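In our numbering, the protein residues as written are 1 to 179. Ideal Cβ placement from N, Cα and C applies to all residues, glycine included. Everything numeric in this text was worked out from a predicted model, so none of it was measured.
Structure, rendered in structure tokens:
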């Protein structure tokens with residue numbers, strides 16, 4: 001039986017039951033998105049003089065992607081002040097959807113991602129919050145659900161005083177991509 005990590009391809013006729021003809025291969029990221037029932041938002045336009053994605057060689061760098069919708073902040077506030085950790089996690093999940101949308105727009109398909117190299121998550125907090133990793137986990141979990149645990153990145157999480165548009169979280173990602 002296939003799971004979110006694997007799909008089964010059976011060579012030969014549909015009636016074939018020969019175990020030697022079953023080939024397991026990881027499910028594609030695009031397939032997992034559909035399985036999870038996720039729809040990616042339209043990528044936002046940059047808020048300044050920069051681009052959201054730059055590819056050099058087989059690396060795709062994404063800037064700090066915000067949890068925005070139609071050019072406006074979907075969440076505005078800081079974890080530990082206006083938001084609790086759960087709302088911060090929701091914002092991180094939404095921002096990670098935007099990360100995937102920007103990557104797909106640049107690459108044409110998320111199936112071109114061969115590895116997530118690094119995830120950096122900035123979390124705007126009141127000064128005494130120490131749960132930034134729990135907030136960042138929501139972005140990590142979404143990326144893992146779509147890409148597979150074999151592509152998990154190394155990660156850095158930072159607590160910051162503020163972020164653009166007053167959003168609570170901004171993930172930046174480096175992807176390795178197929179030529």
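Query, Result
"I believe residue 115 touches residue 151 by the beta-carbon criterion, under 8 angstroms. Please report the beta-carbon distance rounded to the nearest angstrom.", "5 angstroms"
"Using only alpha-carbon positions, find the residue among 104, 145, 130, 125 that is nearest to residue 62.", "104"
"Give the C-beta separation of residue 113 and residue 147 to the nearest angstrom, bearing in mind that I take them to be a contact with Cβ-Cβ under 8 angstroms.", "6 angstroms"
"Quick one: residues in its chain with C-beta nearer than 8 angstroms to the C-beta of residue 53, no 5 flanking neighbours on either side, listed in chain order?", "60, 61, 62, 63, 102, 103, 105, 106"
"By alpha-carbon positions, which one of 67, 27, 38 ends up nearest to residue 45?", "67"
"Are residue 77 and residue 133 close, meaning C-beta to C-beta below 7 angstroms?", "no"
"Identify, in the order they occur along the chain, each residue of the same chain with its Cβ nearer than 7 angstroms to the Cβ of residue 162, setting aside the five sequence neighbours on each side.", "124"
"How long is the line joining the alpha carbons of residue 80 and residue 126, rounded to whole angstroms?", "5 angstroms"
"Among 144, 48, 131, 173, whose alpha-carbon lies nearest the alpha-carbon of residue 159?", "131"
"Is residue 66 helix, strand or coil by DSSP?", "coil"
"Is the Cβ-Cβ distance between residue 171 and residue 95 less than 7 angstroms?", "yes"
"Since residue 176 sits in a beta bridge, which residues does DSSP pair it with?", "59, 115"
"Is it right to say residue 178 is buried, meaning 16 or more other beta carbons lie within 10 angstroms of its own, or is it exposed?", "exposed"
"Could you name the residues of the same chain whose beta carbon sits closer than 7 angstroms to that of residue 69, not counting the 5 residues immediately before and after it, in chain order?", "41"
"Using three-state DSSP, classify residue 133 as helix, strand or coil.", "helix"
"Whole angstroms is fine: what's the gap from residue 174's alpha carbon to residue 99's?", "10 angstroms"
"Can you tell which of 47, 56, 109 has its C-alpha closest to the C-alpha of residue 28?", "109"
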